[in-house]
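A.B. asks:
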């Protein structure tokens, strides 16, 4: 199916439109030119006849039977569908040619011209059967010097027929030419765009895993070569950036973890020494808890930055999201019960997806942890999974405090907290939702939240379904 | 018991050395891969703690060569790298355990002790502490002869505590064993489960068994753990 806005379609339309315009212009000018040429030819032949016949008229006064016979014999006007009438200005006819061979008009009924003042006047009388009778009227002088009108005419049927035939040829040839042009244009653009299609499909196959690959660069010296070489340049810069990022991530892990390890180890050693006083031990324990928090923040930050950078090593397996959600909820059930919150699951149908199960489990854990944390005693948290519009959807709804409208867009930002006072009360490091979103995005999905302040929130994760799972709802 | 620590970060090495020494281990330290490999092949060690990012010879390479010489000695990997692929690789090459920096020292100690206890350990089907009994076959728990009803997770938690009776287990270790790493960030999941377990196991009894070591973790024991 060709898309209306595609280059191929637009180019073809332009080709066809331009060609149609050219063909129509050509046809119209040919038609008009031919028509004029034929018409002037006709008039010329009338003039020639008039010059031949004119001298014979001198003898026609009252009875010019001899001359008329000569005219008839020589010029065979009737068989040529011609017309000749010689009359006086008072419309007294001295001679009129007989009926024409094709019976297209009756010479005796041809109307008389308007009074003629010049030597020659051309006119056209319409004929009943279409076309017209082209007549040239000449003023000549008779033998006695009295004025005579000589009308010589002929039907323009031949011209009409010729022109009509030309019209027919145009009418047949034009659409034919046009369709050949459209087909040709379409094929040509397709051929012209084919290398671009190849570049695209090759480029699509390059992901963060095989950034060292490059697109083929045809030495054609045209836009296609420029396109693929500039894409290659971009991929190279991406590769460098990825490399730098991975190295940075590894370095940062090492540099941050080493001092934390020492800090923690030394603190523990002091705490474990038998001669450590009780109050020192308490202080050390507090310091240890903070070290723990710092460790968690560091770990979470590294996870987010790796996910954001498009981590190359991700597990890929086929599993049921509903089962995963159910088992995860079961593992956290006591957390909810402890706060007197009803944790319910609506996970009736299997939802097959493909991805990193342990990472997606992290998403469910983080969302459930949040929901339980921010729902007051007596509330409820519901987990449901299903499919919608061919996507896998996981929803976690709570009857908690909800999120204020101005916070809702920022809730997935790193370290964002809607309420600073909650930080101390609920603990955590403020990265759970960032991690959840980063994981969803790395799976080609997303996470959104709807919330009514004071009524509760609904977190909605949507992910692509596994290949091969039937997309239609049963 | 003699332990070799191969660690290029001097302060980490020293800290580990002192900690293990205070836990009555004899400790040698090697500062790079080559000397680590040399020492490991020259002397007999009961366990080797090995860092992965090492100068001269990478930890993975040391591990690979060590396994050719000695397939028996338990090796615990200590690293700042936490990529899953890297983890899988070192286990394939022959590591016995894996600990990511920064770690709790108590955790390192417990893991070391667990590795040293390895071998033909009979997995007793009945665990007993004071008058608390846990039957691994029937998954039943009794205290003073009376049955205690536990949920799956509570049972798993109690079993883990009892099979390491007397040792402090960190929250991370408990999460790793009873849940999985996805739950690591969950605010207080271990505390909540331990509290519920306490209500069921300890509340009605004079002798409390489940103990808290602040900032470190939990243990189950009749007396304060060392």
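Residue numbers (the working numbering), protein chains in the order written: chain A, 1 to 474; chain B, 1001 to 1226.
Beta carbons: idealized from backbone N, C-alpha and C, even for Gly.
(1) Just to confirm before moving on: does the CB-CB distance between residue 402 of chain A and residue 375 of chain A stay below 8 Å?
(2) Determine, using beta carbons only, whether residue 1116 of chain B and residue 1081 of chain B come nearer to each other than 8 Å.
(3) Any heavy atom of the ligand MG within a distance shorter than 7 Å of the CB on residue 130 of chain A?
(4) Apart from the five residues just before and just after residue 107 of chain A, which ones in its own chain have a Cβ nearer than 6 Å to its Cβ?
(5) So, with DSSP's three-state summary, where would you put residue 318 of chain A?
(6) Start and end of the beta strand (DSSP E) containing residue 382 of chain A?
(7) State the start and end residues of the unbroken beta strand (DSSP E) segment that holds residue 1100 of chain B.
(8) Excluding the 5 residues flanking residue 1126 of chain B on each side, which residues of the same chain have their C-beta closer than 6 Å to its C-beta?
(9) Going along the segment 1187-1201 of chain B in order, which residues come within less than 8 Å of chain A, judged by CB to CB distance?
(10) In angstroms, rounded to a whole number, what distance separates the CA positions of residue 273 of chain A and residue 1097 of chain B?
(11) Quick one: which unbroken alpha helix (DSSP H) runs of 4-plus residues sit fully inside the segment 219-260 of chain A? Chain order, please.
(12) Anyone know if the C-beta pair for residue 364 of chain A and residue 387 of chain A falls short of 8 Å?
(13) Taking 8 Å as the threshold, find out whether the segment 409-416 of chain A comes into contact with the segment 329-348 of chain A through three or more Cβ pairs.
(14) Between the segment 1013-1026 of chain B and chain A, which residues of the former have CB atoms less than 8 Å from a CB of the latter, in chain order?
(15) Evaluate the contact criterion for the segment 375-384 of chain A versus the segment 1189-1198 of chain B: three or more CB pairs, one atom per stretch, below 8 Å.
(16) Name the residues in the segment 247-265 of chain A whose C-beta lies less than 9 Å from a C-beta of chain B; which are they?
(17) I want to verify the contact list: residues of chain A whose CB lies under 7 Å from the CB of residue 1009 of chain B, in sequence order.
(18) Distance, Cα to Cα, residue 6 of chain A vs residue 12 of chain A?
(19) Report the three-state DSSP secondary structure of residue 1045 of chain B (helix, strand or coil).
(20) Distance cutoff 8 Å, beta carbons only. Does residue 245 of chain A sit that close to anything in chain B?
(21) Using a Cβ-Cβ cut-off of less than 7 Å, give me the residues of the segment 377-410 of chain A that come near chain B, in sequence order.
(22) Taking the continuous alpha helix (DSSP H) assigned at residue 308 of chain A, which residues delimit it?
(23) Please identify the residue among A:259, A:308, A:147 whose C-alpha is closest to the C-alpha of residue 477 of chain A.
(24) Out of B:1181, B:1204, B:1223, which has the shortest C-alpha to C-alpha gap to residue 360 of chain A?
(25) May I ask you to report which of helix, strand or coil DSSP gives residue 1217 of chain B?
(26) For residue 1183 of chain B, which residues of its own chain have a beta-carbon under 7 Å away from its beta-carbon, when the five flanking residues on both sides are left out?
(27) Hey, which unbroken runs of the alpha helix (DSSP H) at 4 residues or more fall wholly within the segment 1091-1163 of chain B?
(28) If you draw a straight line from the alpha carbon of residue 396 of chain A to that of residue 460 of chain A, how long is it in whole angstroms?
(29) What are the start and end residues of the alpha helix (DSSP H) that includes residue 1173 of chain B?
(30) For chain B, check one thing: does any of its Cβ atoms lie closer than 8 Å to the Cβ of residue 300 of chain A?
(31) In chain order, what residues of the same chain lie with their CB nearer than 8 Å to the CB of residue 344 of chain A, ignoring the 5 residues before and after it?
(32) Check the DSSP bridge columns for residue 448 of chain A and list the partner residues they point to.
(33) Across which residues does DSSP place residue 95 of chain A in a beta bridge pair?
(34) Beta-carbon within less than 7 Å of residue 474 of chain A's beta-carbon, same chain only, minus the 5 sequence neighbours each way: which residues are those?
(35) Take residue 465 of chain A as the anchor and find which of A:414, A:189, A:322 has the nearest alpha-carbon.
(36) Give me the residue from A:105, A:271, A:212, A:277 with the minimum Cα distance to residue 533 of chain A.
C.D. replies: Here's the rundown:
(1) Numbered from 1 along the first chain, position 402 holds the residue referred to as residue 402 of chain A. Numbered from 1 along the first chain, position 375 holds the residue referred to as residue 375 of chain A. Not closer than 8 Å, so no.
(2) What you label residue 1116 of chain B is simply residue 116 of the second chain in a count that begins at 1. What you label residue 1081 of chain B is simply residue 81 of the second chain in a count that begins at 1. The answer is no: Cβ separation not under 8 Å.
(3) Absence of the ligand MG from the depicted structure is noted, as is the absence of any ligand whatsoever, leaving it without description.
(4) One-based indexing of the first chain puts residue 107 of chain A at position 107. Excluding residues within five positions, the ones whose Cβ falls inside 6 Å are 83, 96, 97.
(5) Reading the first chain from its first residue, position 318 is the one you call residue 318 of chain A. Strand at residue 318 of chain A.
(6) Position 382 of the first chain, counted from the start, is the residue given in the question as residue 382 of chain A. First-last of the beta strand (DSSP E) with residue 382 of chain A: 380-388.
(7) Counting from 1 along the second chain, the entry for residue 1100 of chain B is found at position 100. Looking at the DSSP string, the run of the beta strand (DSSP E) that includes residue 1100 of chain B is 1097-1100.
(8) On the second chain, position 126 is the one that residue 1126 of chain B refers to. Excluding positions up to five away in sequence, the list reads 1135.
(9) 1187, 1188, 1189, 1192, 1193, 1195, 1196
(10) The sequence position of residue 273 of chain A within the first chain is 273, counting from 1. The sequence position of residue 1097 of chain B within the second chain is 97, counting from 1. Distance between the alpha carbons of residue 273 of chain A and residue 1097 of chain B: 27 Å.
(11) none
(12) To locate residue 364 of chain A, count along the first chain from 1; it is residue 364. To locate residue 387 of chain A, count along the first chain from 1; it is residue 387. No, these two residues do not count as a Cβ contact at 8 Å.
(13) no
(14) 1015, 1016, 1018, 1019, 1022
(15) no
(16) 250, 253, 254, 255, 256, 257, 258, 259, 260, 261, 262, 263, 264, 265
(17) Within the second chain, residue 1009 of chain B is the residue found at index 9, counting from 1. Those within 7 Å of residue 1009 of chain B in chain A are 258.
(18) Counting from one through the first chain, the residue named residue 6 of chain A turns up at place 6. Counting from one through the first chain, the residue named residue 12 of chain A turns up at place 12. Distance between the alpha carbons of residue 6 of chain A and residue 12 of chain A: 10 Å.
(19) The residue labelled residue 1045 of chain B in the question sits at position 45 within the second chain. If DSSP states are grouped into helix, strand and coil, residue 1045 of chain B belongs with coil.
(20) For the purposes of this step, residue 245 of chain A is taken as residue 245 along the first chain, with counting starting at 1. Not an interface residue.
(21) none
(22) Position 308 of the first chain, counting from 1, holds the residue named residue 308 of chain A. Start and end: 278-308.
(23) In the structure as shown, chain A starts at 1 and stops at 474, and residue 477 of chain A therefore has no counterpart that could be examined.
(24) Residue numbering aside, residue 360 of chain A sits at position 360 when the first chain is read from its first letter. That would be B:1181, whose Cα lies nearest to the Cα of residue 360 of chain A.
(25) Locating residue 1217 of chain B in the second chain gives position 217, where the first residue counts as 1. Strand at residue 1217 of chain B.
(26) Numbered from its first residue, the second chain carries residue 1183 of chain B at position 183. Around residue 1183 of chain B: 1175, 1189.
(27) 1105-1117, 1152-1163
(28) Locating residue 396 of chain A in the first chain gives position 396, where the first residue counts as 1. Locating residue 460 of chain A in the first chain gives position 460, where the first residue counts as 1. Approximately 7 Å, taken between the alpha carbons.
(29) Counted from its first residue, the second chain places residue 1173 of chain B at position 173. Where residue 1173 of chain B is concerned, the enclosing alpha helix (DSSP H) stretches over 1171-1178.
(30) Here residue 300 of chain A is taken as the residue at index 300 of the first chain, counted from 1. It does: the Cβ of residue 300 of chain A has a partner Cβ on chain B nearer than 8 Å.
(31) What you label residue 344 of chain A is simply residue 344 of the first chain in a count that begins at 1. Counting only Cβ-Cβ distances below 8 Å, and skipping sequence neighbours, we find 380, 381, 382, 383.
(32) In the first chain, the residue the question calls residue 448 of chain A occupies position 448. DSSP output for residue 448 of chain A lists A:460 as bridge partner(s).
(33) Sequence index remark: in the first chain, residue 95 of chain A carries index 95 (1-based). Answer is A:86.
(34) Within the first chain, numbered from 1, the residue matching residue 474 of chain A stands at position 474. Confidence at residue 474 of chain A is low in this model, with a pLDDT of 38, below 50, so its placement is unreliable and no value can be given for it.
(35) Here residue 465 of chain A refers to the residue found at position 465 when the first chain is read from its first residue. Closest by alpha carbon: A:322.
(36) A question about residue 533 of chain A goes unanswered here, because the residues of chain A that appear run from 1 up to 474.
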